[in-house]
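Asks:
In the working numbering, the protein residues as written are 1124 to 1522.
Now the structure itself:
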């Protein structure tokens, strides 16, 4: 079955792609340095703008930003990161249950050495999280294995009014100032330190150390909240849609919005992900859907690592393997629009997210545009096309 001739709409999210000028790149950014002929072509034949995806006063997380890009106002619908990922993992939450995102991290008990535990494999993490649940889980606190270092802690009838800090915000820093503070903090902090005692000498971590890899020897709960409720995307926009991502965060948002979640073999959320497969599965999905979200995590991970080369490589892979494959497959489609955008900036110099405006491009196969700007951070100050509410950007795609 071929793609029909109805209008098709594509949202390609290159997570954390935006950055700041770097001395090592002659004060240019990875977006500006990266070879991205497909993005540049769309920019030259479409329009480049700037968008604020983080509402004022909210933390600049991918959860808030991706919710905005899907057309949902985080100020109205956001309850926390944990509940979103719980939706993806189909973990049932009662009204008083609290879901925390729970990273497997590397720590010596004093410092946050690695927020991702060396991007521990999903198979290793499954065994470690199952072991953690057996050893320190209770009738009210349960651990659910996810993908790589990303997992969920559910506290039945639990506490949620506390301050928690994402581990990627404190890479290389002491953990004590960033431990949970507030309602229920003593229980959460006990879990953190108990997990170090339980996991540090686990055979998996002994093998990881022997191979020169960081051990996944501590849990870190954060991003807590109660159950999520959002109106369906089809009801809001009148379109049947699907989402493709390696991470539970974006898949959870998609599922909560009633979008079909499509699993792509080999999708990992890092540079070893199946870039081409994501585009191929998206093209297949467009045979039965009018709207597709493709999310690629790799630039964000490179930003958190502070790795310039990996970030440039990630952008180039997205351009060549994802966007290039998409455009080849869309040649027979008469009418389509596509937005290519980061969800937020993840500056190499900071190794974490920021709430500054980011560049996006929008291209239509059936509309022309005369304003030509480069698709990188320079456009933010040069464009007249500014979307101040991130949740409104999608209205420029679907119209």
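Where a beta carbon is used, it is the ideal one built from N, C-alpha and C, also for glycine.
Just to confirm my understanding: we take residue 1453, look at its own chain, exclude 5 residues before and 5 after, and list those with CB closer than 6 angstroms. What are they?
Replies: Reading the chain shown from its first residue, position 330 is the one you call residue 1453. 1459.
Asks: Look up residue 1226 in the DSSP assignment and give the residues it is bridged to.
Replies: Counting from 1 along the chain shown, the entry for residue 1226 is found at position 103. Answer is 1273, 1343.
Asks: Taking only runs of the beta strand (DSSP E) that begin and end inside the segment 1186-1239, which ones reach a length of at least 3 residues, in chain order?
Replies: 1221-1230, 1235-1237
Asks: Which residue's Cα is closest to the Cα of residue 1385: 1370, 1397, 1366, 1399?
Replies: Numbered from its first residue, the chain shown carries residue 1385 at position 262. It is 1366.
Asks: Find the nearest neighbour of residue 1239 within the set 1193, 1522, 1291, judged by alpha-carbon distance.
Replies: Numbered from 1 along the chain shown, position 116 holds the residue referred to as residue 1239. Among 1193, 1522, 1291, the Cα nearest to that of residue 1239 belongs to 1291.
Asks: Looking at the structure shown, is residue 1482 part of a helix, part of a strand, or coil, going by DSSP?
Replies: Along the chain shown, one-based indexing puts residue 1482 at 359. In the structure shown, residue 1482 sits in a strand (DSSP, three-state: E or B).
Asks: Under the assumption that residue 1275 contacts residue 1222 (Cβ atoms under 8 angstroms), give the Cβ distance between them as a whole number of angstroms.
Replies: Here residue 1275 corresponds to residue number 152 of the chain shown, with the count starting at 1. Here residue 1222 corresponds to residue number 99 of the chain shown, with the count starting at 1. Rounded, the Cβ-Cβ distance is 6 angstroms, consistent with contact.
Asks: DSSP three-state label for residue 1299, please.
Replies: Locating residue 1299 in the chain shown gives position 176, counting from the first residue. Looking at residue 1299 - three-state DSSP - the assignment turns out to be helix.
Asks: Considering only the alpha carbon of each residue, which of 1475, 1517, 1509 lies closest to residue 1175?
Replies: Position 52 of the chain shown, counted from the first residue, corresponds to residue 1175. Nearest to residue 1175 by alpha-carbon distance, out of 1475, 1517, 1509, is 1509.
Asks: Which runs of the alpha helix (DSSP H) at least 4 residues long sit entirely within the segment 1314-1372? Give them in chain order.
Replies: 1326-1333, 1356-1360
Asks: Is the beta carbon of residue 1464 sitting closer than 8 angstroms to the one on residue 1481?
Replies: By 1-based counting over the chain shown, the position of residue 1464 is 341. By 1-based counting over the chain shown, the position of residue 1481 is 358. In this structure, the beta-carbon distance from residue 1464 to residue 1481 falls below 8 angstroms.
Asks: Give me the residue from 1461, 1402, 1224 with the minimum Cα distance to residue 1448.
Replies: In the chain shown, counting from the first residue as 1, residue 1448 sits at position 325. Closest by C-alpha distance to residue 1448, out of 1461, 1402, 1224, is 1402.
Asks: Shortest alpha-carbon distance to residue 1212 belongs to which of 1220, 1511, 1166, 1376?
Replies: Locating residue 1212 in the chain shown gives position 89, where the first residue counts as 1. Of the listed residues, the one whose Cα sits closest to residue 1212 is 1376.
Asks: Just how far apart, CA to CA, sit residue 1433 and residue 1264?
Replies: Sequence index remark: in the chain shown, residue 1433 carries index 310 (1-based). Sequence index remark: in the chain shown, residue 1264 carries index 141 (1-based). Using only the alpha carbons, I get a separation of about 37 angstroms.
Asks: Could you give the distance in angstroms between the alpha-carbon of residue 1293 and the alpha-carbon of residue 1427?
Replies: The residue labelled residue 1293 in the question sits at position 170 within the chain shown. The residue labelled residue 1427 in the question sits at position 304 within the chain shown. The alpha-carbon atoms of residue 1293 and residue 1427 are separated by roughly 10 angstroms.
Asks: Straight-line CA distance for residue 1323 to residue 1229?
Replies: To locate residue 1323, count along the chain shown from 1; it is residue 200. To locate residue 1229, count along the chain shown from 1; it is residue 106. C-alpha separation (whole angstroms): 9 angstroms.
Asks: Just to check my reading of the structure: residue 1220 and residue 1155 have Cβ atoms closer than 8 angstroms, yes? What is that Cβ distance to the nearest angstrom?
Replies: Your numbering for residue 1220 matches position 97 in the chain shown. Your numbering for residue 1155 matches position 32 in the chain shown. Incorrect: roughly 45 angstroms between the Cβ atoms, too far for contact.
Asks: Taking the alpha-carbon positions, what's the residue 1224 to residue 1439 distance?
Replies: Sequence index remark: in the chain shown, residue 1224 carries index 101 (1-based). Sequence index remark: in the chain shown, residue 1439 carries index 316 (1-based). One C-alpha to the other measures close to 30 angstroms.
Asks: If you follow the alpha helix (DSSP H) that residue 1427 is in, where does it begin and where does it stop?
Replies: By one-based count along the chain shown, residue 1427 stands at place 304. Its alpha helix (DSSP H) spans residues 1421-1428.
Asks: If you follow the alpha helix (DSSP H) that residue 1253 is in, where does it begin and where does it stop?
Replies: As a first step, residue 1253 must be located in the chain shown, where it is residue number 130. Residue 1253: member of the alpha helix (DSSP H) spanning 1245-1259, first to last residue.
Asks: Does the pairing of the segment 1166-1184 with the segment 1494-1501 give three or more beta-carbon distances under 8 angstroms?
Replies: yes
Asks: Among 1170, 1328, 1310, 1374, which one has its Cα closest to the Cα of residue 1205?
Replies: In the chain shown, counting from the first residue as 1, residue 1205 sits at position 82. With distances taken between Cα atoms, residue 1205 lies closest to 1374.
Asks: Using only the alpha-carbon positions, how far apart do residue 1394 and residue 1420 sit?
Replies: One-based indexing of the chain shown puts residue 1394 at position 271. One-based indexing of the chain shown puts residue 1420 at position 297. When rounded, the distance between both Cα atoms is 9 angstroms.
Asks: Is it buried or exposed, residue 1489, if we count other Cβ atoms within 10 angstroms and call 16 or more buried?
Replies: In the chain shown, counting from the first residue as 1, residue 1489 sits at position 366. With fewer than 16 other Cβ atoms within 10 Å, it is exposed.
Asks: Give the single residue among 1415, 1241, 1270, 1518 whose Cα lies nearest to the Cα of residue 1340.
Replies: Position 217 of the chain shown holds residue 1340. Nearest C-alpha to residue 1340: 1241.
Asks: Please tell me whether residue 1414 and residue 1484 are closer than 8 angstroms, where the distance is taken between their beta carbons.
Replies: Locating residue 1414 in the chain shown gives position 291, counting from the first residue. Locating residue 1484 in the chain shown gives position 361, counting from the first residue. Taking 8 angstroms as the Cβ cut-off, residue 1414 and residue 1484 do not qualify as a contacting pair.
Asks: Between residue 1445 and residue 1261, what straight-line distance do the alpha-carbon atoms span, to the nearest angstrom?
Replies: Within the chain shown, the letter at position 322 stands for residue 1445. Within the chain shown, the letter at position 138 stands for residue 1261. The alpha-carbon atoms of residue 1445 and residue 1261 are separated by roughly 43 angstroms.
Asks: If we count Cβ pairs, one from each stretch, closer than 8 angstroms, do we get three or more for the segment 1243-1261 versus the segment 1331-1339?
Replies: yes
Asks: For residue 1418, does the three-state DSSP call read helix, strand or coil?
Replies: Taking the chain shown and counting its residues from 1, the one referred to as residue 1418 is at position 295. Three-state DSSP puts residue 1418 in a strand.
Asks: Distance check for residue 1215 and residue 1344, CA to CA, integer angstroms please.
Replies: As a working mapping, residue 1344 is identified with position 221 in the chain shown. As a working mapping, residue 1215 is identified with position 92 in the chain shown. So the alpha carbons of these two residues sit roughly 18 angstroms apart.
Asks: Looking only at its own chain, which residues have a Cβ that is under 6 angstroms from the Cβ of residue 1392, when we skip the five neighbours before and after it?
Replies: Counted from its first residue, the chain shown places residue 1392 at position 269. The answer, listed in chain order, is 1369, 1370, 1420.
Asks: Leaving aside the five residues before and after residue 1307 along the sequence, list all residues of the same chain whose C-beta is less than 7 angstroms from its C-beta, in chain order.
Replies: The residue labelled residue 1307 in the question sits at position 184 within the chain shown. Closer than 7 angstroms at Cβ, skipping near neighbours: 1281, 1282, 1285.
Asks: Could you tell me which of 1147, 1360, 1159 sits nearest to residue 1140, measuring between CA atoms?
Replies: On the chain shown, position 17 is the one that residue 1140 refers to. Closest by alpha carbon: 1159.
Asks: Are the CB atoms of residue 1310 and residue 1342 within a distance shorter than 8 angstroms?
Replies: Against the chain shown, residue 1342 aligns to sequence position 219. Against the chain shown, residue 1310 aligns to sequence position 187. Their beta carbons are not under 8 angstroms apart, which means residue 1342 does not touch residue 1310 by this criterion.
Asks: Helix, strand or coil, according to DSSP, for residue 1285 in the structure here?
Replies: To locate residue 1285, count along the chain shown from 1; it is residue 162. Strand.
Asks: Return the chain-ordered ranges of every beta strand (DSSP E) run that is complete within the segment 1425-1507 and spans a minimum of 3 residues.
Replies: 1459-1464, 1481-1487
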